[in-house]
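Working notes, beginning with the structure itself.
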Amino acid sequence: ILKKISCKMGVKSYIVGGYIRDEILNLESNDIDITVEGDGIRYALMLSKILNGKIEIHEKFKTAKIQADKYTFDVVSARKEYYAHSGILPDVELADIVEDIKRRDFTINMLAFDIKEGMIIDLCNGLDDIKNKLIRVVHDKSFNDDPTRIFRALRYSVRLDFKLEEHTELLLKQSIANGDIDNLSADRIMNEIYLILSEKNPETIVKLMKYYEIDKKIFKGIDINIKNLNTYARYGDVLLYRFLLFFYNVKKDDLDYLNEKFNFRRQYSKGLSDLIEIKMNLYTLKDDIAVYNLFKDKKIEAINAIYTMEGENIKKIVDRYFEVIRSLKLEVNGDAIKELGLEPSPVYKKILEKIYYDKLCGKIINKE
Ligand code: CTP
Numbered sequence: 002i003l004k005k006i007s008c009k010m011g012v013k014s015y016i017v018g019g020y021i022r023d024e025i026l027n028l029e030s031n032d033i034d035i036t037v038e039g040d041g042i043r044y045a046l047m048l049s050k051i052l053n054g055k056i057e058i059h060e061k062f063k064t065a066k067i068q069a070d071k072y073t074f075d076v077v078s079a080r081k082e083y084y085a086h087s088g089i090l091p092d093v094e095l096a097d098i099v100e101d102i103k104r105r106d107f108t109i110n111m112l113a114f115d116i117k118e119g120m121i122i123d124l125c126n127g128l129d130d131i132k133n134k135l136i137r138v139v140h141d142k143s144f145n146d147d148p149t150r151i152f153r154a155l156r157y158s159v160r161l162d163f164k165l166e167e168h169t170e171l172l173l174k175q176s177i178a179n180g181d182i183d184n185l186s187a188d189r190i191m192n193e194i195y196l197i198l199s200e201k202n203p204e205t206i207v208k209l210m211k212y213y214e215i216d217k218k219i220f221k222g223i224d225i226n227i228k229n230l231n232t233y234a235r236y237g238d239v240l241l242y243r244f245l246l247f248f249y250n251v252k253k254d255d256l257d258y259l260n261e262k263f264n265f266r267r268q269y270s271k272g273l274s275d276l277i278e279i280k281m282n283l284y285t286l287k288d289d290i291a292v293y294n295l296f297k298d299k300k301i302e303a304i305n306a307i308y309t310m311e312g313e314n315i316k317k318i319v320d321r322y323f324e325v326i327r328s329l330k331l332e333v334n335g336d337a338i339k340e341l342g343l344e345p346s347p348v349y350k351k352i353l354e355k356i357y358y359d360k361l362c363g364k365i366i367n368k369e
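According to the UniProt record's numbering, the stretch in the sequence shown is residues 2 to 369, in order.
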């Protein structure tokens, strides 16, 4: 299909980046990046029509995204970029594939497959680096141009089980020491953290972040947790759950600083304050009602994180919450109170809560 479109438009097009890398490594990948030496948007429209896909067009950047079955195609017009300042999104200028390849992060991501010719273009010995399991930049300013590459290098090295090539590691260390990460917006930093936490093995990546002292640069004095980051939540959203594990050691006093600096999404911010509140009260819980009161309006991912991190006694309490306390159902509702002649009011909630409490304490027992 791609060859047909290329020929019809009379332009060259290439599959580039991660998809080629993963194909060579025999890893499954559903994200296909296509670079077109010409009008990428027209190319994408044709592709989308043939595949009956959903297309999203970004005129400004001359790019388009197509979703078709399990595949995502990112189509771009070949471009050369100028980095005005480190960490700022680049200006775009049309150029040919060589320029496009050269602006990329690591040699293993610089392979391109020429669709018309059916052959791989390997300008920077990416094939050798894949064979030798090495992450290598092609120029010394790579991390400075885009400091998200610091995170990307660690992510690839763990995911693919590759090593940082010696000079690349040196440049990475220098870039960290120079404070290049400070040039990234808080949003871009958090995006990298979310990408890391979505990996199969975030624990090792976060350990590397600590090893290179990246956490000290971005989270100042906050102690990032590395334990249990590879686990999955029993309930709820796995990314939020891992985010809460990542920030498990955060103190109440750090919360405002973090929220302000990183502008966390609402659910994440609530999750974090829930987590802190539960942790502060966890070892004073006397009975089921206290557990119910502490847990009832908390994010389920926060309770899950507590379950994973705390000892056996707490695990028992959380188990009881999920298995008994939370699933306790009342046989009556507001209608029953109305039938008794009481006008609807906030008192209903109090009455129902009292019935619930009594049931929890065993004061009310079901007929059966
Ligand atoms: N890229 C880059 N510098 C960045 C981000 C991306 O040079 N800071 C380039 C890389 O060549 C990468 C391509 O853009 O291969 C696509 O980026 P992305 O989809 O993030 O990476 P993939 O290689 O597809 O990796 P993943 O498997 O993580 O999606």
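Cβ coordinates follow ideal geometry from the N, Cα and C atoms, glycine included.
Query, Result
"C-beta contact flag for residue 41 and residue 77 at 7 Å", "yes"
"Local conformation of residue 276 per DSSP, three classes", "helix"
"Burial state of residue 178 (16 or more Cβ within 10 Å)", "exposed"
"Contact check, residue 245 vs residue 203, beta carbons under 7 Å", "no"
"Beta-carbon proximity check, residue 109 vs residue 47, cutoff 7 Å", "no"
"Near the ligand CTP: residue 110 beta-carbon under 6 Å from a heavy atom", "yes"
"For residue 52 and residue 329, the rounded distance between their alpha carbons", "50 Å"
"Stretch-stretch touch, CB-based, cutoff 8 Å, three pairs: the stretch 181-189 with the stretch 165-172", "no"
"Given 8 Å, three or more beta-carbon pairs between the stretch 304-316 and the stretch 338-356", "no"
"Nearest to residue 23 (by Cα), restricted to the options 199, 33 and 15", "33"
"Continuous beta strand (DSSP E) stretch holding residue 37: start and end", "32-37"
"Start and end residues, alpha helix (DSSP H) containing residue 169", "167-178"
"Distance cut-off 6 Å: residue 285 Cβ against heavy atoms of the ligand CTP", "no"
"Residue 150 versus 121, 171 and 193, residue with shortest Cα-Cα distance", "193"
"Identity of the residue in 116, 19 and 55 nearest residue 3 by Cα", "116"
"Cβ-heavy atom distance, residue 147 to the ligand CTP, below 6 Å", "yes"
"Continuous beta strand (DSSP E) stretch holding residue 205: start and end", "Counting along the chain, residue 205 falls outside any beta strand (DSSP E), though it belongs to the alpha helix (DSSP H) covering 203-212."
"Proximity below 7 Å, CB of residue 205 to CB of residue 159", "yes"
"Beta-carbon proximity of residue 301 to residue 349, cut-off 7 Å", "no"
"Span of the beta strand (DSSP E) around residue 72", "72-78"
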